[in-house]
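Asker: In the numbering used here, the protein residues as written are 300 to 482. Pasting a structure here, questions to come.
In structure tokens:
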């Protein structure tokens, strides 16, 4: 494990981790060592100042566990029912390990069975703090009469995975369903 590793956390993310640690103390919880490590090596910033390549809560991230194929998930505060395979909660050691890690960085931690797992961040596809900054910048440009130009790489992929899924559910032809039988 790297002692010099730094985790960049927003004030909100840091506070959530503190509360999680308070709730875990006194129990044999596998999250405790990860929480203590994150909090002791944290560089805390305002959401406006967090780099766009750092995993924060609600970020959509492509990551790897050890040498497994890359996966893409939304890092969430809690388990979100109905979104199986789309989210990874920070109540899961892998989700917690991703929080505060930048693209190209990794974190190694002890898994539930005692073996080591290494989680590495390939790409932060979407980060809500970066998106808010971009929206504010475009709003200021529009208010000043300038034609707003999105920053290069600002979209960083499709952060609207849930919106697209919802649209596909409602974009079906309404007349395909024959309705109840008249019998």
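Here a beta-carbon is modelled for each residue, glycine too, at the ideal position from N, C-alpha and C.
#1: Which residue's Cα is closest to the Cα of residue 367: 349, 434, 329, 417?
#2: DSSP beta-bridge partners for residue 405?
#3: Roughly how many angstroms lie between the CA atoms of residue 390 and residue 330, to the nearest whole one?
#4: Output the boundary residues of the beta strand (DSSP E) element that contains residue 340.
#5: Whole angstroms is fine: what's the gap from residue 369's alpha carbon to residue 435's?
#6: For residue 324, is the classification buried or exposed, using 16 other Cβ atoms within 10 angstroms of its Cβ as the cut-off for buried?
#7: Nearest to residue 353 by alpha carbon, out of 440, 313, 317, 426?
#8: Using a Cβ-Cβ cut-off of 8 angstroms (strictly less than) and excluding sequence neighbours within five positions of residue 365, which residues of its own chain qualify?
#9: What's the call for residue 399, buried or exposed, on a 16-neighbour Cβ count within 10 Å?
#10: Mapping the DSSP letters down to three states, classify residue 432 as helix, strand or coil.
#11: Specify the secondary structure class of residue 355 as computed by DSSP and reduced to three states.
#12: Starting from residue 363, follow its DSSP beta bridges and name the residues at the other end.
#13: Check residue 307 in the structure and name its three-state DSSP category.
#14: Of all the options 428, 349, 337, 432, which has the alpha carbon lying nearest to the alpha carbon of residue 395?
#15: Terminal residues of the continuous beta strand (DSSP E) containing residue 397?
#16: In angstroms, rounded to a whole number, what distance separates the CA positions of residue 349 and residue 340?
#17: Quick one: using the 10 Å Cβ neighbour count with 16 as the cut-off for buried, is residue 443 buried or exposed?
#18: Taking the beta strand (DSSP E) that residue 374 falls in, what are its first and last residues?
Answerer: So, from the data block:
#1: When only C-alpha atoms are compared, the closest one is 417.
#2: In the DSSP output, where bridge partners are listed per residue, residue 405 has 419.
#3: Each residue's alpha carbon lies about 8 angstroms from the other.
#4: Where residue 340 is concerned, there is no enclosing beta strand (DSSP E), because DSSP gives it neither an H nor an E.
#5: Using only the alpha carbons, I get a separation of about 32 angstroms.
#6: Burial is judged here by how many other beta carbons sit within 10 angstroms of a residue's own beta carbon; residue 324 has fewer than 16 and is exposed.
#7: The shortest Cα separation from residue 353 among 440, 313, 317, 426 belongs to 426.
#8: Correct list, in chain order: 416, 417.
#9: Buried is the call here.
#10: Under the three-state reduction of DSSP, residue 432 is assigned to helix.
#11: Residue 355: coil per DSSP, three-state reduction.
#12: DSSP, once it has assigned bridges, lists 419 as partnering residue 363.
#13: If DSSP states are grouped into helix, strand and coil, residue 307 belongs with the strands.
#14: Of the candidates 428, 349, 337, 432, the residue whose Cα lies closest to the Cα of residue 395 is 337.
#15: Note, residue 397: premise wrong, no beta strand (DSSP E); alpha helix (DSSP H) at 392 to 397.
#16: If you take the alpha carbons of residue 349 and residue 340, they lie about 16 angstroms apart.
#17: Counting C-beta atoms within 10 angstroms of its own C-beta, residue 443 has fewer than 16 neighbours from the protein chains shown and is therefore classed as exposed.
#18: In the DSSP assignment, residue 374 falls within the unbroken beta strand (DSSP E) covering 370 to 375.
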